[in-house]
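Protein chains in written order, with full-length UniProt numbering: chain R, 1 to 126; chain Z, 1 to 261. No residue lacks a Cβ here, since even glycine has one placed at the ideal position from N, Cα and C.
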């Protein structure tokens, strides 16, 4: 399981990376915004994307839309981990095809729970 | 202005001739009066020009006040910035306390662990040197059992405390986003003040105007664009906090499940 963590704050990337390692996911890579993440996704064999929303250059919502537009990436599970808390934005992310939405500050349990839920649903869909 | 000239009656050439006569005869009072009379039409022109400039300045200031960001900045965003910075203080304080609490709970565990290990090491050395009696060995074995059990519990507790320290560090991301927003506000304020200074220093160029045109035509578009870029954490007691903002993960989950998630 190869996971890409996208956040413009290196501290948050480290936190998520550590939490993922705790959950048994050791193969992670990092990007600091959508525009660096997208080519990494297109050229790498990532199985999961965790992204922030509020980032310079390409925000997370745009990255999500780019992923859904890309034939090779469109079924990639995307979990948003962000401080953006407006209802309109959560609806917007849902409509853009996000698989899960975690609002910061979050707990290790929430991250675990949402990741598991996403995989359960993917397995159920076959 | 021409009416005024006519009203003054005298033609300038006649006045000038009179002035020469008055100067030659040394009539100072008359000379002064004639000089003032000669200058009057030009003074009027100056006053009119000054009046026009004053009016323009007034209008420019009025229009500046009308569509200026300054009003918005002063009324809403500066008070909000104060709340945002207080939020940063609270968040960093909270994170520091969480970290310190975890450290304060971890240290005694580590110290206790070290002292029990030292005690067992000493007994272990005596055992290797065959210095322990059977009774002492039984006691040693019991202590080892307890030590192993306790070590399992302690390391689990330490792991939990270290995770707390890890999660507490998320304050840097959250406060960082808020501080960036305040930096943006300071930049906006600076720009607004610079155009105000440019305006009041009398350089009434029209280059103040285009800024108004650059603004998105509809507030709706502007707010949608802001949504797309993101706002950072919703800070309580600011424009961020309203019914349109969720209060925590539970509300996110409820909203998503209402959308069929």
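**Prompt:** Quick one, are the C-beta atoms of residue 163 (chain R) and residue 104 (chain R) less than 8 Å apart?
**Reply:** Within the shown structure, residues of chain R are numbered from 1 to 126, placing residue 163 (chain R) beyond reach of any answer.
**Asked** Along the chain, which unbroken stretches of the beta strand (DSSP E) at least 3 residues long are found entirely within the UniProt domain "Response regulatory" (2-119) of chain R?
**Response** 2-6, 27-31, 48-51, 78-82 and 100-103
**Item:** Closer than 8 Å at the beta carbon, the chain R residues around residue 244 (chain Z)
**Value:** 86, 87 and 88
**Message:** Taking the straight line between their C-alpha atoms, what separation do you get for residue 35 (chain Z) and residue 16 (chain Z)?
**Reply:** If you draw a straight line from the Cα of residue 35 (chain Z) to the Cα of residue 16 (chain Z), it is about 8 Å long.
**Request:** Have a look at R:45, R:5, R:113 and R:10 and flag the residue whose alpha-carbon is nearest the alpha-carbon of residue 172 (chain Z).
**Result:** R:10
**Request:** Tell me whether residue 245 (chain Z) sits in a helix, a strand or coil according to DSSP, three-state version.
**Result:** strand
**Prompt:** What is the DSSP secondary structure of residue 125 (chain R), reduced to helix, strand or coil?
**Reply:** coil
**Item:** Assigned exposure category for residue 92 (chain R) - 16 Cβ within 10 Å defines buried
**Value:** It is buried - the Cβ of residue 92 (chain R) has at least 16 other Cβ atoms within 10 Å.
**Item:** CB contact flag (residue 178 (chain Z), residue 232 (chain Z), <8 Å)
**Value:** Going by C-beta atoms, residue 178 (chain Z) is nearer than 8 Å to residue 232 (chain Z).
**Message:** Does the CB of residue 37 (chain R) have a neighbour CB from chain Z at under 8 Å?
**Reply:** Chain Z has no Cβ within less than 8 Å of the Cβ of residue 37 (chain R).
**Prompt:** Taking the alpha helix (DSSP H) that residue 101 (chain Z) falls in, what are its first and last residues?
**Reply:** Taken as a continuous stretch (DSSP letters only), the alpha helix (DSSP H) holding residue 101 (chain Z) covers 78-128.
**Request:** Closer than 6 Å by C-beta to residue 1 (chain Z): which residues in its own chain qualify, once you throw out the five before and the five after it? Chain order, please.
**Result:** Here the model assigns residue 1 (chain Z) a pLDDT of 44, short of 50, so the residue's position is not dependable and the matter cannot be decided.
**Message:** Could you compute how far the alpha carbon of residue 156 (chain Z) sits from the alpha carbon of residue 31 (chain R)?
**Reply:** Approximately 32 Å, taken between the alpha carbons.
**Message:** Does residue 195 (chain Z) come out as helix, strand or coil in the three-state DSSP assignment?
**Reply:** helix
**Request:** Quick one: grab the DSSP three-state call for residue 25 (chain Z).
**Result:** coil
**Contact list for residue 230 (chain Z) against chain R, beta-carbon separation under 7 Å** = 53, 54, 59 and 84
**Request:** Quick one: give me the first and last residue of the alpha helix (DSSP H) that residue 148 (chain Z) is part of.
**Result:** 134-168
**Residues near residue 77 (chain Z) by beta carbon distance below 7 Å, same chain, minus five either side** = 185
**Asked** Can residue 38 (chain R) and residue 49 (chain R) be called in contact, C-beta distance under 8 Å?
**Response** no
**Asked** Over what stretch of residues does the alpha helix (DSSP H) that includes residue 70 (chain Z) continue unbroken?
**Response** 69-72
**Request:** Check the Cβ-Cβ distances between residue 227 (chain Z) and every residue of chain R, and say whether any is below 8 Å.
**Result:** yes
**Request:** Please confirm if residue 107 (chain Z) has its CB atom under 8 Å from at least one CB of chain R.
**Result:** no
**Asked** Which residue from Z:47, Z:71, Z:79 and Z:31 puts its Cα closest to that of residue 238 (chain Z)?
**Response** Z:79
**Among R:47, R:119 and R:86, nearest to residue 241 (chain Z) - alpha-carbon criterion** = R:86
**Message:** In whole angstroms, give me the CA-to-CA distance for residue 87 (chain Z) and residue 97 (chain Z).
**Reply:** Distance between the alpha carbons of residue 87 (chain Z) and residue 97 (chain Z): 15 Å.
**Exposure label - residue 46 (chain R); buried when at least 16 CB within 10 Å** = buried
**Asked** Just how far apart, CA to CA, sit residue 33 (chain R) and residue 229 (chain Z)?
**Response** 12 Å
**Message:** Any beta carbon of chain A sitting closer than 8 Å to that of residue 170 (chain Z)?
**Reply:** The question asks about chain A, but that chain is absent: this structure's protein chains are R and Z.
**Prompt:** If we cut at 8 Å on Cβ distances, does residue 161 (chain Z) have a partner in chain R?
**Reply:** Not one chain R Cβ lies under 8 Å of residue 161 (chain Z).
**Prompt:** Applying a beta-carbon distance threshold of less than 9 Å, which residues of chain R neighbour residue 259 (chain Z)?
**Reply:** 90, 91, 94 and 95
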